[in-house]
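Chains as they are written, first to last, in the working numbering: chain A, 226 to 1027; chain B, 110 to 170. Glycine is no exception: its CB is placed at the ideal position from the N, C-alpha and C atoms. Below: one structure, written as structure tokens.
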Amino acid sequence: MEAALQTNVQACYHCGDSCEDELIVAHDKAFCCTGCKTVYELLEENNLCNYYNLEETPGITGKKPVSEARFAYLDDAGVEAQLISFKSDNICKITFYIPQMHCSSCIWLLENLFKLNPGISETTVNFLRKEVSLTYFHQKTTLRDVVTLLARIGYEPEITLANTDGKKTSKPSRTIIYKLGIAGFAFGNVMLLAFPDYVDFTQGLQRTFGSFFGYLSILLSIPVFFYSARGFFTSAWEGIKQRMVNIDLPISTGLLALFFTSIFDIVTGRGPGYLDSFTGLVFFMLIGKYFQQRTFDSLSFDRDYTSYFPVSITVLKEDGEESSTAVRNLKVGDRIRIRNQELIPADAILLHGRAMIDYSFVSGESEPVEKVVGEVIYAGGRQVGESIEMEVVKEVSQGYLTQLWNDTVFNKNEEHNLHTYSNIAGKWFIIVTMLVAAGALIYWVPRDMDMAMKAFTSVLIIACPCALSLATPFVHGHTMRVFGRNKFYLKNTAVVERLAKIDTVVFDKTGTLTEPSEAELSYTGKELTESQNQAVLSVLRHSTHPLSQRISQGISGTALEVADFKEITGKGLVGEVNGMLVRVGSAAYLGVPAEKQKDTLKTTVYVSIDGVVLGYYTFYNVYRQGLQQVLQGLSDKKIAVLSGDNDHEEARLRELLGKEAELNFNQSPVQKLEYIQQLKTQENRQVLMVGDGLNDAGALKQSDAGIALSNSVTNFSPSCDAILDASAFDRLSTFLKFSKTTMTLILLTFAVSLVYNVIGLTMAVMGLFTPIVSAILMPISTLSVMTFATLSVKYAARKAGL
Amino acid sequence: MYIIFLMIAVSVTVAAAFLGAFLWAVRSGQYDDDYTPAVRMLFDNETTPPKSKPAADKEAK
Chain A
226 MEAALQTNVQ
236 ACYHCGDSCE
246 DELIVAHDKA
256 FCCTGCKTVY
266 ELLEENNLCN
276 YYNLEETPGI
286 TGKKPVSEAR
296 FAYLDDAGVE
306 AQLISFKSDN
316 ICKITFYIPQ
326 MHCSSCIWLL
336 ENLFKLNPGI
346 SETTVNFLRK
356 EVSLTYFHQK
366 TTLRDVVTLL
376 ARIGYEPEIT
386 LANTDGKKTS
396 KPSRTIIYKL
406 GIAGFAFGNV
416 MLLAFPDYVD
426 FTQGLQRTFG
436 SFFGYLSILL
446 SIPVFFYSAR
456 GFFTSAWEGI
466 KQRMVNIDLP
476 ISTGLLALFF
486 TSIFDIVTGR
496 GPGYLDSFTG
506 LVFFMLIGKY
516 FQQRTFDSLS
526 FDRDYTSYFP
536 VSITVLKEDG
546 EESSTAVRNL
556 KVGDRIRIRN
566 QELIPADAIL
576 LHGRAMIDYS
586 FVSGESEPVE
596 KVVGEVIYAG
606 GRQVGESIEM
616 EVVKEVSQGY
626 LTQLWNDTVF
636 NKNEEHNLHT
646 YSNIAGKWFI
656 IVTMLVAAGA
666 LIYWVPRDMD
676 MAMKAFTSVL
686 IIACPCALSL
696 ATPFVHGHTM
706 RVFGRNKFYL
716 KNTAVVERLA
726 KIDTVVFDKT
736 GTLTEPSEAE
746 LSYTGKELTE
756 SQNQAVLSVL
766 RHSTHPLSQR
776 ISQGISGTAL
786 EVADFKEITG
796 KGLVGEVNGM
806 LVRVGSAAYL
816 GVPAEKQKDT
826 LKTTVYVSID
836 GVVLGYYTFY
846 NVYRQGLQQV
856 LQGLSDKKIA
866 VLSGDNDHEE
876 ARLRELLGKE
886 AELNFNQSPV
896 QKLEYIQQLK
906 TQENRQVLMV
916 GDGLNDAGAL
926 KQSDAGIALS
936 NSVTNFSPSC
946 DAILDASAFD
956 RLSTFLKFSK
966 TTMTLILLTF
976 AVSLVYNVIG
986 LTMAVMGLFT
996 PIVSAILMPI
1006 STLSVMTFAT
1016 LSVKYAARKA
1026 GL
Chain B
110 MYIIFLMIAV
120 SVTVAAAFLG
130 AFLWAVRSGQ
140 YDDDYTPAVR
150 MLFDNETTPP
160 KSKPAADKEA
170 K
């Protein structure tokens, strides 16, 4: 039965969408739109249908055709020069960011681009970073052709203003891999040379080759000391300079003691030294660092407005001709055309057309704002509806949004978070170590001078909290991966610790608590009959006004013929259906007296039939699914809402969030930021901000942890500490709880490593610490800490259902 | 017994050569992307035999 049903609605062969609206059958295959069909034909013609064999329906829907004239700005030599990374007489190299990339078919097609355009010589995909590095012959093809081709097959590269800033995306740092490689090399070889010391029957061997092995070990350890381990020394030194103790200070002390004691022992012929322990420790700790550094490459956490703005815009010349210009080159007085869903890049005056500006991303207002000719429209809004013409009044760099962004209060002073668990532990560690070392010295000096020195250095060596320093990166690293699997992406591992300390959660309303694409429609007034309903729908269908479209989506039925349809800009619609005169529009348009208007803050659309006002439509925000669940989970924390919108939803929010919650409406971006600051400084709270738009950017930066909610994680999101996929929103409280659990796990791991340190310290004080003890204790402690951290996080995640 | 000097020298040299190979691999970017090459190697060169298209025919002539 089900199979029969499925065949009724066919899935597009190219993109897999159901072919509900239209069904195009070509080449025995079903397509949902002409866009998909064209791509298929293009691939088929070039013998690239392997694309469809690798994965099912790998395509990207062609329903939104891109106007190719848009890429005209790429012909501009200046823009080209800013985008490409290398140019010689023959070839150009460029790297594009293509967020649409999602499967192995995509990789295959993108790497076979040269079959579609012979001017392209080579393409290499980096799937994790969602990047394509492309080499083309600039005599055979142009940058514009390349981008147009990519857009045509559905992989339009994301080229934003940020790309032209000359800030080339930084390549992942390879230093840690070099360091790891060298430390690993030295560790293996030094251990091999040290092996004869561990077993009795090689005593003779040791006597003959002892010094040779020793000097060779020193030689091998020198690069480890000066290169691989340098990070620990510099970090500790930075700490000392700021009069702070961090975990790297006891580590550095331990490493220095290890290295110099070993050299002293070898040179003076006292023994084989501890160089195997030294190189091993550096190697293991670098593994921890490497683990900590791995993040989500394809996501960008530090975007500013330039990544949000387009690169080009349609400029109208005096003779009415359209041309594409780079946004950066926009001058005051230019006439620009903004089409449906395009972004306004600079503050401009509306000259022509009906502007409905959606500011939800910039200011948090949920409804599009209507602007009339002559009004100034600020940059950052998105036009909804027909295309409009405007005259630029301020350059992009002078615009309201840009100014706001460059405001110094938006720049968080990047304070190094020194109060992390491991740094606090490090502080106690160094104090205890010094006390114990001094104690050992005091005890042994009167008895045995040699023993005193030995005990002293042994204490320093064994107190090196290497296992301790491994605990945090491993627990946090695994936690980050668990979150990533559940669509919650952290910028780095330090965020886990900050999340665990949160006691206040501040939400933005529009787009965060509410579903941005949906609004609930409600009708108040005299009930409409079936035929009246149909008549209203018929009239609404004729209008392209966003409100009309939203209402008509909410009414079911078929549209009828409308006679004498008229749309009065800024007021409403009128039309005759089956002899009924239907008027739909604002209260003023229908002559509803002001005192009768309820809820003036809400967007209302009145309906009248044959001159009688029957009622009105209002919109309610639709709150995200699982919001209740999240709020229940956060009941032990203080909750606040900061909304850029007006307060017409106050009653509903109050009901949802409870009496304790603080609700603030009509908040500007700066007010949001100040509110967070006040919470932090005056109430001394650890604040988590959850937001989605540019208007939250300041607050996100200022908070202890800022989470940007996004419906598609590769889309633009303001700079933040973490990106949460909207589909995982209902798990927010689980994430917070889990980060708390991981802190307990870290403490447990600390306890495990402390056991080894206590055993080692006892032996060191008694003067029993030898290279062999060190060589046994060191790998056991580090390995057991790594295993414990890994397994415990896995177990906790399973228990938390993540 | 002094052969050990030689053997150690050889073993360290071999290890150093591997270290050099590793450093070269990192430098040439082989560690920058650890996912795509794994997928790429599974692609067949041509799974469907090239069809005789008008365009291809012309070129052949």
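In terms of Cα proximity to residue 896/A, the closest of 468/A, 442/A and 924/A is 924/A. Between residue 472/A and residue 650/A, the C-beta spacing is below 8 Å. When secondary structure is reduced to three states using DSSP, residue 555/A falls in the coil class, being assigned neither helix nor strand. Runs of beta strand (DSSP E) with 3 or more residues, each lying fully within the region 343-378 of chain A, are found at 345-351 and 356-362, listed in chain order. Burial check for residue 597/A: the Cβ neighbour count within 10 Å stays below 16, so the residue is exposed. Under the Cβ criterion (8 Å, minimum of three pairs), the region 1007-1024 of chain A counts as touching the region 689-701 of chain A.
According to the DSSP secondary-structure assignment, residue 733/A is paired through a beta bridge with 867/A. The CB of residue 344/A never comes closer than 9 Å to any CB in chain B; the least such distance is about 17 Å. Three or more Cβ pairs closer than 8 Å define a contact, and the region 706-714 of chain A meets that threshold against the region 948-968 of chain A. Collapsing the DSSP output to three states places residue 598/A in coil. For residue 715/A, the closest of 279/A, 833/A and 517/A by C-alpha to C-alpha distance is 517/A. DSSP places residue 618/A in the coil class of the three-state scheme, outside both helix and strand. The contact set of residue 320/A on chain B, defined by CB atoms closer than 7 Å, is empty, because the minimum CB distance reaches about 12 Å.
At least 8 Å separates the beta-carbon of residue 536/A from that of residue 557/A. Within the region 120-135 of chain B, those residues whose Cβ lies closer than 8 Å to any Cβ of chain A are, in chain order, 120, 121, 124, 125, 127, 128, 131, 132 and 135. Only residues of its own chain outside the window of five on either side were considered, and among them 475, 476, 478, 479, 480, 482, 483 and 506 have a CB closer than 8 Å to the CB of residue 689/A, listed in chain order. Under the three-state reduction of DSSP output, residue 563/A falls in the strand class.
Among the residues of chain A, those whose CB is under 7 Å from the CB of residue 110/B are 433, following chain order. Rounded to the nearest whole angstrom, the C-alpha separation of residue 236/A and residue 351/A is 29 Å. Counting only runs of 4 or more residues that sit fully inside the region 955-1004 of chain A, the alpha helix (DSSP H) segments are 957-990, in chain order.
Distance from residue 918/A to residue 624/A at the Cβ level is roughly 17 Å; contact not present, criterion being Cβ atoms closer than 8 Å. For residue 656/A, the uninterrupted alpha helix (DSSP H) segment begins and ends at 646-669.
At a cut-off of 8 Å, the C-beta of residue 560/A has no neighbouring C-beta in chain B. Residues of the region 400-414 of chain A with a Cβ closer than 8 Å to any Cβ of chain B, in chain order: 402, 403, 406, 407, 410, 413 and 414. Between residue 439/A and residue 513/A, the CB-CB gap reaches or exceeds 8 Å.
Residue contact with chain B for residue 462/A: absent (no Cβ-Cβ distance below 8 Å to any residue of chain B).
Only buried fits residue 949/A, as 16 or more other CB atoms lie within 10 angstroms of its CB. Annotated as proximal: residue 573/A and residue 561/A, with beta-carbon spacing under 8 Å. The straight-line gap separating the alpha-carbon atoms of residue 454/A and residue 131/B is approximately 19 Å. For the region 292-316 of chain A, the beta-carbon criterion of a distance under 9 Å to any beta-carbon of chain B is satisfied by none of its residues.
Residue 539/A has 549/A and 562/A as its beta-bridge partners, per DSSP. Between residue 329/A and chain B, the shortest Cβ-Cβ separation is below 8 Å.
Using a 10 angstroms sphere on the CB of residue 628/A, the tally of other CB atoms stays under 16, which defines it as exposed. Taking a 10 Å sphere around the C-beta of residue 311/A, we find fewer than 16 other C-beta atoms and assign the residue as exposed. Beyond the five residues adjoining it in sequence on each side, residue 457/A comes within less than 6 Å, by CB distance, of 473, 476 and 477 in the same chain, given in chain order. About 16 Å separates the Cβ atoms of residue 299/A and residue 357/A, ruling out a contact at the 8 Å cut-off.
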